[in-house]
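Okay, structure first, notes after.
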Amino acid sequence: MMAKRRPLIAGNWKMFKTGPEAAELAGQLKVLVSDIADVDVLVAPAFTAISVVAETLKGSAIEVGGQDLFWETEGAYTGQVSAPMLKAAGCSHVIVGHSERRQYFGETNGTVNRKINIALKGDLIPILCVGESDAEREAQETFLVVKEHLDKGLEGIDGDGLAKLIIAYEPVWAIGTGKTATAEQAQEVHRFIRDWMEKAGGNSIAKALRILYGGSVKPGNIAGLMAMEDIDGALVGGASLDAESFAGIVRGSLGVAQ
Ligand code: PEP
32 MMAKRRPLIA GNWKMFKTGP EAAELAGQLK VLVSDIADVD VLVAPAFTAI
82 SVVAETLKGS AIEVGGQDLF WETEGAYTGQ VSAPMLKAAG CSHVIVGHSE
132 RRQYFGETNG TVNRKINIAL KGDLIPILCV GESDAEREAQ ETFLVVKEHL
182 DKGLEGIDGD GLAKLIIAYE PVWAIGTGKT ATAEQAQEVH RFIRDWMEKA
232 GGNSIAKALR ILYGGSVKPG NIAGLMAMED IDGALVGGAS LDAESFAGIV
282 RGSLGVAQ
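Per the working numbering, the sequence shown starts with residue 32, numbered consecutively.
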C-alpha cells in the first residue's frame, strides 16, 4: 500500500559545497524538479551557503533547512548558530541529532532534546534523526536504541510540538556505506516509530507524522522504500550532491521508475 502522507525528500549536503558551488547545485535542482508538484523537497546546505541557496531557490517550492543549531537563542557561544539566525537566513526546517553529530561532536539525547525545544520555539520544523549502529543491530538492540532516542530526545515535548516534528530513521550502518536497509527492515522500524508516536501524541498525530528513511538512498532504491506503508520520504546524503541523482530520487518517490 502506498503511504498516504505527502512525501518529503530532503537532501543533507553535509560539509560539502562552498556558497557559489551550493548556489549552482540549487539552481540546477530548481530547474530539474520544477514540474513535480506532489512531493515536498528540501535541501540542507552548510551554514555559510544557506542564504545564497535560499535566494537562488526563491520562486520555487524547494525549502531550505539547517544541518544543526544551538540550544540558546543568542549569547557568548563562539561558533554556534541559533534558531533565529537560521530562520532569518531562509530556513524552515532544521536537522537535529544526525548520527554524525552524535558520533563526532558529542551530541547526546539530552542536547538533542534542548535543540528540539529551541527549534520549535523558533518556528523551525525539526527533523529528528534516530537509528542504531551496526553493533547495536547485531546485538538486536535496534528497537531499544530507537526507543531511547525518541523517549529522551522528545521528553517533555507537548502535542503541538510533536505534531510539527519530522522523524528520520537512519541506521548508522547504512549511512554513506552503500548498504541500504531493505525496505522491510526499514518498514518495521518506521512502524515502531509510528507506534511510539501514537502512545506519545495520540492517533491523529501518529497518522500524520512523516517518517523519512535515510541511508544510501539512490534513484534506484527509492521506489521500493516508498512502497512501504510507513515510509514517507527520504533524508539523502551523498546522492543529494548531484542534481540529476537527487531529482531522480524526488521523481522516484512517486513511484516513477528511474
Ligand atoms: C545522511 O547523512 O543523512 C545520509 C543518509 O547519508 P547517505 O545518503 O550518504 O547514506
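Yeah, the Cβ is synthetic: ideal placement off N, Cα and C, and Gly gets one too.
Inter-residue Cα distance where the pair is M32 and Q59: If you number the sequence shown from 1, residue 32 lands on position 1. If you number the sequence shown from 1, residue 59 lands on position 28. The pLDDT assigned to M32 is 45, lower than 50, so where the model puts this residue is not dependable, and the model offers no usable value.
Kindly list the residues whose CB is nearer than 8 Å to the CB of I81, restricted to its own chain and excluding five residues on each side of it in sequence; keep chain order. Counting from 1 along the sequence shown, the entry for residue 81 is found at position 50. Cβ within range, chain order: V95, G97, L117, A120, G121, C122.
Helix, strand or coil: how does DSSP classify V127 here? On the sequence shown, position 96 is the one that residue 127 refers to. Strand, per DSSP.
Please state if the CB of A214 and the CB of A258 are separated by a distance shorter than 8 Å. Residue 258 sits at position 227 when you count from the first residue of the sequence shown. Residue 214 sits at position 183 when you count from the first residue of the sequence shown. In this structure, A214 lies closer than 8 Å to A258 by Cβ.
Is E94 helix, strand or coil when you go by DSSP? Position 63 of the sequence shown holds residue 94. Of the three classes helix, strand and coil, the one that applies to E94 here is strand, per DSSP.
Evaluate A107 with the Cβ neighbour count: other Cβ atoms within 10 Å of its Cβ, from every protein chain shown; 16 or more gives buried, anything less gives exposed. As a first step, residue 107 is located in the sequence shown; it is residue number 76 there, counting from the start. With fewer than 16 Cβ atoms within 10 Å of its Cβ, A107 is classed as exposed.
So does A254 have its beta carbon nearer than 7 Å to some heavy atom of the ligand PEP? Walking along the sequence shown from the start, residue 254 turns up at place 223. Answer for A254: no, Cβ out of range of the ligand PEP.
By a C-beta neighbour count over all protein chains shown, 10 Å radius and 16 as the cutoff for buried, is F136 buried or exposed? Within the sequence shown, the letter at position 105 stands for residue 136. It counts as exposed.
Nearest-angstrom Cα separation, counted from L39 out to I262: Start at 1 with the first residue of the sequence shown, and residue 262 comes out as number 231. Start at 1 with the first residue of the sequence shown, and residue 39 comes out as number 8. One C-alpha to the other measures close to 10 Å.
Please determine if the segment 226–235 and the segment 203–213 are in contact, where contact requires at least 3 C-beta pairs separated by less than 8 Å. no
Option in N252, S247, G255, H221 with minimal Cα separation from L272: What you label residue 272 is simply residue 241 of the sequence shown in a count that begins at 1. The residue with the shortest Cα to Cα distance from L272 is S247.
Is DSSP giving D99 helix, strand or coil here? Locating residue 99 in the sequence shown gives position 68, where the first residue counts as 1. Coil at D99, not helix or strand.
G232 and L181: beta carbons closer than 8 Å? Within the sequence shown, numbered from 1, the residue matching residue 232 stands at position 201. Within the sequence shown, numbered from 1, the residue matching residue 181 stands at position 150. No, Cβ-Cβ distance for G232 and L181 is not below 8 Å.
So, L159 versus I198, is the Cβ gap smaller than 8 Å? Numbered from 1 along the sequence shown, position 128 holds the residue referred to as residue 159. Numbered from 1 along the sequence shown, position 167 holds the residue referred to as residue 198. In contact: L159 and I198 (Cβ atoms closer than 8 Å).
Going by the CB atoms, is the gap between W102 and K146 shorter than 8 Å? On the sequence shown, position 115 is the one that residue 146 refers to. On the sequence shown, position 71 is the one that residue 102 refers to. In this structure, W102 lies closer than 8 Å to K146 by Cβ.
Considering only residues of the same chain and omitting the five flanking positions on each side of D69, which have a CB-CB separation below 8 Å? Here residue 69 is taken as the residue at index 38 of the sequence shown, counted from 1. For D69, where only same-chain residues beyond five positions count, the Cβ hits under 8 Å are R37, P38, L285.
Contacts around V267, its chain only, beta-carbon distance under 8 Å, and the 5 residues preceding and following it disregarded: To locate residue 267, count along the sequence shown from 1; it is residue 236. Excluding positions up to five away in sequence, the list reads I40, A41, G42, N43, G245, V248, F277, I280.
Check whether the Cβ of S247 sits closer than 7 Å to any heavy atom of the ligand PEP, and report yes or no. Reading the sequence shown from its first residue, position 216 is the one you call residue 247. It does: the Cβ of S247 is within 7 Å (strictly closer) of some heavy atom of the ligand PEP.
For K61 versus L88, is the C-beta distance shorter than 8 Å? Reading the sequence shown from its first residue, position 30 is the one you call residue 61. Reading the sequence shown from its first residue, position 57 is the one you call residue 88. Taking 8 Å as the Cβ cut-off, K61 and L88 qualify as a contacting pair.
Rounded to a whole number of angstroms, what is the C-alpha to C-alpha distance between N252 and G187? Here residue 252 corresponds to residue number 221 of the sequence shown, with the count starting at 1. Here residue 187 corresponds to residue number 156 of the sequence shown, with the count starting at 1. Roughly 36 Å separates the two Cα atoms.
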